[in-house]
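Novice: Dropping a structure here in structure tokens format, bear with me for questions.
This is the structure:
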């Protein structure tokens with residue numbers, strides 16, 4: 392069994408849910424999160440401060456599922472990111488589950 396975790400900006404929620412459906416992952420959970428991105432400015436005159444902070448309303452999705460379905464979902468995420476021109480790609484990680492109850 393694997394733990395699959397995905398994060399994306401909230402605007403992609405419908406798309407991510409479709410990716411789960413396409414991957415035949417029928418059970419997953421979501422959690423609202425706030426993403427932060429620090430960006431250094433080349434020209435300090437562009438900003439009073441030395442760095443600019445962007446905040447994003449985001450979602451985290453997670454599911455416990457088989458390795459086969461995880462691989463299918465990772466391929467779906469890769470395809471999605473390849474077609475998406477946003478500066479906020481969907482991120483996915485996989486963790487092994489050693490024990491569960």
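Numbering (our numbering), first residue to last: 392 to 492.
C-beta: ideal position from N, C-alpha, C; glycine also.
Keep in mind the model is a prediction, meaning the values are calculated, not measured.
Just tell me which of 480, 453 and 471 has its CA closest to the CA of residue 393.
Specialist: The residue given as residue 393 occupies position 2 in the chain shown. Nearest of 480, 453 and 471 to residue 393, Cα basis: 453.
Novice: Let me make sure I understand the geometry here. Which of 406, 419, 404 and 427 has the alpha-carbon closest to that of residue 461?
Specialist: Position 70 of the chain shown, counting from 1, holds the residue named residue 461. Cα-wise, what sits closest to residue 461 is 419.
Novice: Going by beta-carbon coordinates alone, are residue 450 and residue 491 separated by less than 8 Å?
Specialist: Sequence index remark: in the chain shown, residue 450 carries index 59 (1-based). Sequence index remark: in the chain shown, residue 491 carries index 100 (1-based). Result no, Cβ atoms of residue 450 and residue 491 do not sit closer than 8 Å.
Novice: Can you name the start and end residues of the beta strand (DSSP E) that residue 393 belongs to?
Specialist: Walking along the chain shown from the start, residue 393 turns up at place 2. Residue 393 -> beta strand (DSSP E) spans 393–400.
Novice: According to the Cβ coordinates, are residue 410 and residue 467 closer than 8 Å?
Specialist: Working through the chain shown from its first residue, we reach residue 410 at position 19. Working through the chain shown from its first residue, we reach residue 467 at position 76. Yes. Within cutoff.
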